[in-house]
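Asks:
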Amino acid sequence: MKSQTNVIKTSPLFFCLLFLSTLNAQLTGKIDYPNLGISFHVPEGWSGTEVTSGFAINSPENKGVIIIITHNVHSILEMEQEAKNGFQISENTLLTLENGVEKIMDNAIAGLYTGTIDTKPAKALIVGMINPYGYGLTIISTAKSSQFTDNLKRAGLSVSKSVVFYNPKIQGNTIESKEKSTELTQLFKNCRLTYLESYGTSGGGYNNRTTIDLCGEGYFKHSSLSSVSMDTGGSSGYGGNNRQGAGTWVMLKKQSQSVLQLSFYNGEIYEYIVTIDEADKTYLNGNRYFRVYDGDYGPDCN
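Mapping of the sequence shown onto our numbering: residues 235 to 536, in sequence order.
1) Between the alpha carbons of Ala342 and Lys318, how many angstroms are there, rounded?
2) Helix, strand or coil, according to DSSP, for Lys403 in the structure here?
3) Out of curiosity, what's the CA-to-CA distance linking Arg196 and Asn296?
4) What are the residues that DSSP puts in a beta bridge with Thr304?
5) Answer with buried or exposed for His308, where buried requires no fewer than 16 other C-beta atoms within 10 angstroms of its C-beta.
6) Should the stretch 345-354 be regarded as contacting the stretch 271-278, the criterion being three or more beta carbon pairs within less than 8 angstroms?
7) Starting from the C-beta of Thr516, find all residues in its chain whose C-beta is less than 8 angstroms away, skip the five residues before and the five after it, and write them out in chain order.
8) Lys423 by DSSP, collapsed to three states: which one?
9) How about Phe399 and Tyr429: do their beta carbons lie closer than 7 angstroms?
10) In whole angstroms, give me the CA-to-CA distance for Lys455 and Asp534.
11) Compute the distance between the beta-carbons of Tyr506 and Gly481, then report whether it is under 7 angstroms.
12) Tell me, to the nearest whole angstrom, how far the beta carbon of Leu328 is from that of Thr353; I am working on the premise that it is less than 8 angstroms.
13) Can you give the beta carbon distance from Trp483 to Gly452, rounded, assuming they're within the 8 angstroms contact cut?
14) Determine whether the beta carbon atoms of Ser415 and Ser492 lie at a separation below 7 angstroms.
15) Would you mind working out which of Asn292, Thr445, Leu261 and Asn306 sits nearest Asn365, comparing C-alpha positions?
16) Straight-line CA distance for Asn401 to Ala356?
17) Would you list the one or two residues that DSSP bridges to Gly263?
18) Taking 7 angstroms as the cut-off, decide whether the C-beta atoms of Phe289 and Ile302 are in contact.
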């Protein structure tokens, strides 16, 4: 789980999606992310996988999937109001609250939702948790309406009850001298970086596409399109306002590493360690990104 964030726009809640590693390994037991100050347990008999925008948990014995993502809401009252508005993540994904939300812990609320995910009838138990130290968690246990079971609900609640929030452990290299990398700045100028990921199980799936347009004038555009499928929504948006793009970008040298730093206008900062192998393939934080400079798949720097 990395410390980079993406943003999904719901209606009207904004989820800040963290957790950028992609691992094929099936993870069990305690999952701990010291850089975020968040830990939780995968229920017994279930296994988890890190995906680009979250953590996915599934079981061969149960249909559906549990998705864990982060949010930047810091008040229970605000979270309750947002929960009542439902979740419209894309045109074909809309979940509506059934009977209101319930406070299940001092820092957590839960509600049952029905609607559609990727146009298919779906049901979900959604738990929202407030973190006094930083980003909170949203835990979504979802399946097709006909496959939504008490076992799936219990597993989602078990994850919620196991969550521990604590002060993030600041990595030692966060405060250090920085200098601009002129060579990489020229290489990545007016370039689109694209990351593609797909994760699937017999009971559900997850897809993600992330693009970063690094424009020559120093601004960038950022887009993340995610989908949770069942055999579930999606978001896209470059952010920004009356200024160009979503923020500004710079290539830095931090000790012996090359780092792409994205500074969003809203104050958020993403950092990626950049590596390029002998075949000229580009990796950000160890994930393969495709570089394209022009054409239909090139950057939008108009």
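Where is the CB? At the ideal position from N, CA and C, for every residue including glycine.
Replies: On the basis of the coordinates in this document:
1) On the sequence shown, residue 342 is found 108 positions in, with the first residue counted as 1. On the sequence shown, residue 318 is found 84 positions in, with the first residue counted as 1. Ala342 and Lys318: Cα-Cα distance of roughly 14 angstroms.
2) Counting from one through the sequence shown, the residue named residue 403 turns up at place 169. DSSP places Lys403 in coil when its eight states are reduced to three.
3) Absent from the model: residue 196. The displayed extent of the chain is 235 to 536, so no value can be given.
4) To locate residue 304, count along the sequence shown from 1; it is residue 70. Paired residues: Leu371.
5) Counting from one through the sequence shown, the residue named residue 308 turns up at place 74. The residue in question, His308, is exposed, as its Cβ has fewer than 16 Cβ neighbours within 10 Å.
6) no
7) Within the sequence shown, residue 516 is the residue found at index 282, counting from 1. So the qualifying residues of the chain are Leu427, Val508, Thr509, Ile510, Arg522, Tyr523, Phe524 and Arg525.
8) For the purposes of this step, residue 423 is taken as the residue at position 189 of the sequence shown. Looking at Lys423 - three-state DSSP - the assignment turns out to be coil, as it is neither helix nor strand.
9) Along the sequence shown, one-based indexing puts residue 399 at 165. Along the sequence shown, one-based indexing puts residue 429 at 195. Taking 7 angstroms as the Cβ cut-off, Phe399 and Tyr429 do not qualify as a contacting pair.
10) Residue 455 sits at position 221 when you count from the first residue of the sequence shown. Residue 534 sits at position 300 when you count from the first residue of the sequence shown. Cα-Cα distance, rounded: 8 angstroms.
11) The residue labelled residue 506 in the question sits at position 272 within the sequence shown. The residue labelled residue 481 in the question sits at position 247 within the sequence shown. Their beta carbons are not under 7 angstroms apart, which means Tyr506 does not touch Gly481 by this criterion.
12) In the sequence shown, counting from the first residue as 1, residue 328 sits at position 94. In the sequence shown, counting from the first residue as 1, residue 353 sits at position 119. No, Leu328 and Thr353 are not in contact; Cβ-Cβ is about 10 angstroms, not under 8 angstroms.
13) For the purposes of this step, residue 483 is identified with residue 249 of the sequence shown, where counting begins at 1. For the purposes of this step, residue 452 is identified with residue 218 of the sequence shown, where counting begins at 1. Rounded to the nearest angstrom, the Cβ distance from Trp483 to Gly452 is 7 angstroms, consistent with a contact under 8 angstroms.
14) Numbered from its first residue, the sequence shown carries residue 415 at position 181. Numbered from its first residue, the sequence shown carries residue 492 at position 258. Yes, the pair counts as a contact, with Cβ atoms nearer than the cut-off.
15) Taking the first residue of the sequence shown as 1, we reach residue 365 at position 131. Closest option to Asn365, Cα to Cα, is Asn306.
16) Taking the first residue of the sequence shown as 1, we reach residue 401 at position 167. Taking the first residue of the sequence shown as 1, we reach residue 356 at position 122. Approximately 36 angstroms between the Cα atoms of the pair.
17) As a working note, residue 263 is residue 29 in the sequence shown. According to DSSP, which records beta bridges pairwise, Gly263 is partnered with Val276.
18) Counted from its first residue, the sequence shown places residue 289 at position 55. Counted from its first residue, the sequence shown places residue 302 at position 68. Closer than 7 angstroms, so yes.
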